[in-house]
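**Q**
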Amino acid sequence: MRWLLDEMLPHTTANILNELGHDAVSVVETELRSAADEEIYATAAEQDRVVVTEDRGDFGRILKQSLEAGDALVPVIVVRRTRLGRGGAMPTNLANALHRWSLETPEPLVGPHYL
Numbered sequence: 001m002r003w004l005l006d007e008m009l010p011h012t013t014a015n016i017l018n019e020l021g022h023d024a025v026s027v028v029e030t031e032l033r034s035a036a037d038e039e040i041y042a043t044a045a046e047q048d049r050v051v052v053t054e055d056r057g058d059f060g061r062i063l064k065q066s067l068e069a070g071d072a073l074v075p076v077i078v079v080r081r082t083r084l085g086r087g088g089a090m091p092t093n094l095a096n097a098l099h100r101w102s103l104e105t106p107e108p109l110v111g112p113h114y115l
């Protein structure tokens, strides 16, 4: 699966996902660092990536606006950190959770998903 991890998530999660056979990019490692959420979403749509974020509010709004405007839609996974542990285990736990999700959802529907 092709992932685009938002800035607030550990960038090392992308490396772990890549080791698991995914195509993952962290916003932190691209020109999208500090970009507006709308730009991140548009890039995900252009690159056919699933957005992974903690920002339910902004990305929910962007999804709604994109739907109303007839723009491209992408899956957005909203992560709850409290479910993924703390500290050094979090990137691995997140990568493993996303990997499992991708196996269970090989053709994800556009719109929000919660992890």
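In terms of this note's numbering, the sequence shown opens at residue 1 and continues consecutively. All residues carry an ideal CB built from backbone N, CA and C; glycine is no exception.
(1) Bridge partners for residue 113 per DSSP, in chain order?
(2) Which term fits residue 91, buried or exposed, when burial requires 16 or more other beta carbons within 10 angstroms of its beta carbon?
(3) So, does the region 11-27 touch the region 94-105, judging by three or more C-beta pairs under 8 Å?
(4) With respect to 7 Å, is the separation between the Cβ of residue 25 and the closest non-hydrogen atom of the ligand SAH below this value?
(5) Going by DSSP, name the residue or residues bridged to residue 53.
**A** Quick look at the numbers:
(1) 77
(2) buried
(3) Yes, since at least three Cβ pairs between the region 11-27 and the region 94-105 fall closer than 8 Å, the two stretches touch.
(4) Judged by which ligands are present, the structure shown has none, so any question about the ligand SAH falls away.
(5) 78
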